[in-house]
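Trainee:
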Amino acid sequence: METSAIIKRLLAIIAPYRTRAALSVVAMAGTAATQPLLGKSLELLLDNGFGAHKVTFSLWLVPLILLSIFVMRGVFTFATAYLNNWVMSRVLNDLRRMVFERLLRLPVARFNEESTGTIINTVIGDVRQVVDMINSVFLAFVRDSLVVIGLLIALLWLNWKLTLIALVVVPLTAVIVRTTTGRLRRLNRDNQRVTGEMTQVVEEAARGHQVIRLFAGEPYERRRFEARSEALRGFSQRMTVAAAATVPITQIATALAVSVVIVMAIRSDMSVGEFTNFITLMLMLLAPLKSLVEVNGPMQRGLAAAETVFAMIDAPVEPDAGTTVMARARGALRFEQVSFRYSASCPLALADISIEVAAGQSVALVGMSGGGKSTFVNLVTRFYSPQHGRILLDGVAYEDISLPSLRAQLAMVSQNVVLFDDTLGANIAYGAEQVDPVRLAAAIRGAHLSEVVAALPEGVDTLIGENGMRLSGGQRQRVAIARAIYKDAPVLILDEATSALDNESERMVQAALDTLMAGRTTLVIAHRLSTIERADCIVVFEHGRIVESGRHQALLDANGIYARLYHLQFAKVPA
Numbered sequence: 007m008e009t010s011a012i013i014k015r016l017l018a019i020i021a022p023y024r025t026r027a028a029l030s031v032v033a034m035a036g037t038a039a040t041q042p043l044l045g046k047s048l049e050l051l052l053d054n055g056f057g058a059h060k061v062t063f064s065l066w067l068v069p070l071i072l073l074s075i076f077v078m079r080g081v082f083t084f085a086t087a088y089l090n091n092w093v094m095s096r097v098l099n100d101l102r103r104m105v106f107e108r109l110l111r112l113p114v115a116r117f118n119e120e121s122t123g124t125i126i127n128t129v130i131g132d133v134r135q136v137v138d139m140i141n142s143v144f145l146a147f148v149r150d151s152l153v154v155i156g157l158l159i160a161l162l163w164l165n166w167k168l169t170l171i172a173l174v175v176v177p178l179t180a181v182i183v184r185t186t187t188g189r190l191r192r193l194n195r196d197n198q199r200v201t202g203e204m205t206q207v208v209e210e211a212a213r214g215h216q217v218i219r220l221f222a223g224e225p226y227e228r229r230r231f232e233a234r235s236e237a238l239r240g241f242s243q244r245m246t247v248a249a250a251a252t253v254p255i256t257q258i259a260t261a262l263a264v265s266v267v268i269v270m271a272i273r274s275d276m277s278v279g280e281f282t283n284f285i286t287l288m289l290m291l292l293a294p295l296k297s298l299v300e301v302n303g304p305m306q307r308g309l310a311a312a313e314t315v316f317a318m319i320d321a322p323v324e325p326d327a328g329t330t331v332m333a334r335a336r337g338a339l340r341f342e343q344v345s346f347r348y349s350a351s352c353p354l355a356l357a358d359i360s361i362e363v364a365a366g367q368s369v370a371l372v373g374m375s376g377g378g379k380s381t382f383v384n385l386v387t388r389f390y391s392p393q394h395g396r397i398l399l400d401g402v403a404y405e406d407i408s409l410p411s412l413r414a415q416l417a418m419v420s421q422n423v424v425l426f427d428d429t430l431g432a433n434i435a436y437g438a439e440q441v442d443p444v445r446l447a448a449a450i451r452g453a454h455l456s457e458v459v460a461a462l463p464e465g466v467d468t469l470i471g472e473n474g475m476r477l478s479g480g481q482r483q484r485v486a487i488a489r490a491i492y493k494d495a496p497v498l499i500l501d502e503a504t505s506a507l508d509n510e511s512e513r514m515v516q517a518a519l520d521t522l523m524a525g526r527t528t529l530v531i532a533h534r535l536s537t538i539e540r541a542d543c544i545v546v547f548e549h550g551r552i553v554e555s556g557r558h559q560a561l562l563d564a565n566g567i568y569a570r571l572y573h574l575q576f577a578k579v580p581a
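If you count the sequence shown from 1, position 5 lands on 11 in our numbering, and the numbers rise without skipping.
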């Protein structure tokens, strides 16, 4: 993305706060205006006070002038800091909200292609770098530029010839800054990429701590972390060298210009006060000029981060061209010659799938790993859309149904339970604008969670921790089932929802699931014989195709692929 385009978009984000931003500029201008006054007060003191044959005014006037100048500077500096922070904190909040809003609307494929660490780093780290860049650049380019302009005007007024000699350093500075700009931007892009990788390593180490300890994975994880850490150190060193190299070169050139000016000023007809004023103003120029040169480093870091942030904001959202809104579907599903592959380079995950599931029917999806069961479910949930064929719900094509309306018809309970760091009640009623206490109580009873709730210190208002860490595995599974009961959707997807339960919990939850499944279209990715035997229909997948379908006993009698799978996975082996 071009720098001009990035700056234009950043200005658009700042635009709602332009009044306070403008007041901040006014305060900076006030601070800048006090700079030349300091030199002028010294000139008055030397030419009309200590150095004069006749004192023309009270010597107490100069200290009063200096005191007044610093009082004004203090007021303006405070106003600048307050207003600048007011604007930047809101810009930071707006940017993070924009990125997070887009994050929530990204298609599932994006999360399968990009690491969690990179996404987290974009939302937290990159946005922070962008705002830090705006802040530093805003202060340097506005405040320091105003100071430089004010001092240059005063210097030109004092002696324009000497001032022009001093300005020969400006083109040299511009060349140096331009030379380092491209290198800094490239290094910062690489730095962001590796930072995302490091965040991913740390996130995985925290999430998989028990596995790491149990399988003695500490050396491997340490090597992964140290590799990223060393890469970041290298990038940091190179960025520091590139940014720091400009400063001494610029300072030497500036010092040379000042030295020449001093020599020429001594030979001129300037008074002691004028000479002191001129040198003072020139020395005052060094700090803002140094700041303007040094801002290139953080600016390139911020621009590289802004590219990543705006790439996230501009990322295509999950497509939703549907306009049909369903109140409550009956739950009849139909696949018509559906084919799907995850990318052009991948083989077909599903090939020419045609199947009809009647409303209220339970269907068990069976097959070896990689056969296409999960892909079939991903198409039902519309996390992915088929490249060929179409899917219909109650006779309405999926692409014609709005996404919120379609997903309101679906509930899912997976082996991989996802719970949030919130209360038990909020997790069960997740997605509901208002929690219905009656439905919540019914869901808790249906999932056999009543005893669990009674044992919690604050009942349904108890915080259950990250991913339900304060609950056992079986309890977490039942919370997920309670969530599906609460939603009361007509189409239910179960990815072996009882797999994590002990025998007693499984018995209770299976009874709850039987009640929940009654009258609903249910798709079950089945691994247990008990689940398969209960299904109205068993669909067997192999290499992305449906190779068999029917009832349990009929498929066994056919002695085909299902019978082979059954004997491999479920048949008892004689002792």
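Don't be surprised by glycine CBs; every beta carbon is placed ideally from N, CA and C.
#1: Quick check: the Cα distance between residue 368 and residue 337, rounded to an integer number of angstroms?
#2: What residues are listed by DSSP as bridge partners for residue 372?
#3: Mind reading off the beta-carbon distance from residue 31 to residue 148? Whole number of angstroms is fine, and I expect it under 8 Å.
#4: Leaving out the 5 sequence neighbours to the left and right, which residues in its chain are closer than 8 Å to residue 558 when beta-carbon positions are compared?
#5: I'd like to know whether the C-beta atoms of residue 161 and residue 280 end up nearer to each other than 9 Å.
#6: Answer with buried or exposed for residue 47, where buried requires no fewer than 16 other C-beta atoms within 10 angstroms of its C-beta.
#7: Secondary structure at residue 4, three-state DSSP: helix, strand or coil?
#8: Name the DSSP beta bridge partners of residue 530, please?
#9: For residue 582, which three-state DSSP category applies?
#10: Would you list the residues sitting across from residue 552 in a DSSP beta bridge?
#11: Pull up the distance between the alpha-carbon of residue 104 and that of residue 112, whole angstroms please.
#12: Express the C-alpha separation of residue 569 and residue 578 in angstroms, rounding to a whole number.
#13: When we look at the beta-carbon of residue 480 and count the other beta-carbons within 10 Å, is it buried (16 or more) or exposed?
#14: Would you please state the rounded distance, in angstroms, between the beta carbons of residue 500 and residue 419? I believe it to be under 8 Å.
#15: For residue 339 and residue 376, what's the separation of their Cα atoms in angstroms?
#16: Short of 8 Å in beta carbon distance, which residues of its chain neighbour residue 334, apart from the five on each side in sequence? Order them along the chain.
#17: By the DSSP assignment, the alpha helix (DSSP H) with residue 461 in it spans what residues?
#18: Taking 9 Å as the threshold (C-beta atoms), are residue 245 and residue 291 in contact?
#19: In this structure, does DSSP put residue 339 in helix, strand or coil?
#20: Please state the DSSP three-state secondary structure of residue 470.
#21: Rounded to whole angstroms, what's the CA-CA distance from residue 315 to residue 472? Just pull it up for me.
#22: What does a CB cutoff of less than 7 Å around residue 141 pick up in its chain, not counting 5 residues either side in sequence?
#23: Let me confirm a value: residue 169 is counted as buried when at least 16 other C-beta atoms fall within 10 Å, else exposed. Which label applies?
#24: Among all the DSSP beta bridges, which residues are the ones paired with residue 359?
#25: Counting only runs that start and end within the stretch 24-50, where is the beta strand (DSSP E) found for 3 or more residues in a row?
#26: Name the residue from 575, 563, 197 whose alpha carbon lies nearest to the alpha carbon of residue 131.
#27: Whose CA, out of 208, 195, 125, lies closest to the CA of residue 241?
Mentor: Considering the structure as presented:
#1: Indexing the sequence shown from 1 puts residue 368 at position 362. Indexing the sequence shown from 1 puts residue 337 at position 331. Each residue's Cα considered, the two are about 11 Å apart.
#2: Along the sequence shown, read from residue 1 onward, the residue named residue 372 stands at position 366. Bridge partners of residue 372: 546.
#3: In the sequence shown, counting from the first residue as 1, residue 31 sits at position 25. In the sequence shown, counting from the first residue as 1, residue 148 sits at position 142. Sure, about 6 Å apart at Cβ, within 8 Å.
#4: Looking up residue 558 in the sequence shown gives position 552. Correct list, in chain order: 538, 539, 541, 544.
#5: As a working note, residue 161 is residue 155 in the sequence shown. As a working note, residue 280 is residue 274 in the sequence shown. No, the pair does not count as a contact, with Cβ atoms beyond the cut-off.
#6: In the sequence shown, residue 47 corresponds to position 41, counting from 1. It is buried - the Cβ of residue 47 has at least 16 other Cβ atoms within 10 Å.
#7: The structure shown does not extend to residue 4, since the chain spans only 7 to 581, so no value can be given for it.
#8: On the sequence shown, residue 530 is found 524 positions in, with the first residue counted as 1. Beta-bridge pairing links residue 530 to 370, 500.
#9: It is not possible to answer for residue 582, since the shown part of the chain is limited to 7 through 581.
#10: Working through the sequence shown from its first residue, we reach residue 552 at position 546. Residue 552 pairs with 547.
#11: Numbered from its first residue, the sequence shown carries residue 104 at position 98. Numbered from its first residue, the sequence shown carries residue 112 at position 106. Distance between the alpha carbons of residue 104 and residue 112 is about 12 Å.
#12: Looking up residue 578 in the sequence shown gives position 572. Looking up residue 569 in the sequence shown gives position 563. In this prediction, residue 578 scores a pLDDT of 49, lower than 50, which makes its location untrustworthy; the coordinate-derived value is nonetheless stated afterwards. Spanning the two alpha carbons is a distance of roughly 13 Å.
#13: Along the sequence shown, one-based indexing puts residue 480 at 474. Buried: at least 16 other Cβ atoms inside 10 Å.
#14: Numbered from its first residue, the sequence shown carries residue 500 at position 494. Numbered from its first residue, the sequence shown carries residue 419 at position 413. Going by Cβ atoms, the distance from residue 500 to residue 419 rounds to 5 Å, so yes, they are a contact pair.
#15: Counting from one through the sequence shown, the residue named residue 339 turns up at place 333. Counting from one through the sequence shown, the residue named residue 376 turns up at place 370. Computed Cα separation, rounded: 23 Å.
#16: Locating residue 334 in the sequence shown gives position 328, where the first residue counts as 1. If we look at residue 334 and ignore the five residues flanking it on each side, its Cβ neighbours are 415, 496.
#17: Taking the first residue of the sequence shown as position 1, residue 461 is located at position 455. First-last of the alpha helix (DSSP H) with residue 461: 456-461.
#18: Stepping through the sequence shown from its first residue, residue 291 is reached at position 285. Stepping through the sequence shown from its first residue, residue 245 is reached at position 239. Taking 9 Å as the Cβ cut-off, residue 291 and residue 245 do not qualify as a contacting pair.
#19: The residue given as residue 339 occupies position 333 in the sequence shown. The answer is strand: DSSP assigns residue 339 an E or B state.
#20: As a working mapping, residue 470 is identified with position 464 in the sequence shown. It is coil, neither helix nor strand.
#21: By 1-based counting over the sequence shown, the position of residue 315 is 309. By 1-based counting over the sequence shown, the position of residue 472 is 466. Approximately 27 Å, taken between the alpha carbons.
#22: Against the sequence shown, residue 141 aligns to sequence position 135. Excluding residues within five positions, the ones whose Cβ falls inside 7 Å are 90, 94.
#23: In the sequence shown, the residue the question calls residue 169 occupies position 163. With 16 or more Cβ atoms within 10 Å of its Cβ, residue 169 is classed as buried.
#24: Along the sequence shown, one-based indexing puts residue 359 at 353. According to DSSP, which records beta bridges pairwise, residue 359 is partnered with 344.
#25: none
#26: Sequence index remark: in the sequence shown, residue 131 carries index 125 (1-based). With distances taken between Cα atoms, residue 131 lies closest to 197.
#27: Position 235 of the sequence shown, counting from 1, holds the residue named residue 241. Closest by alpha carbon: 195.
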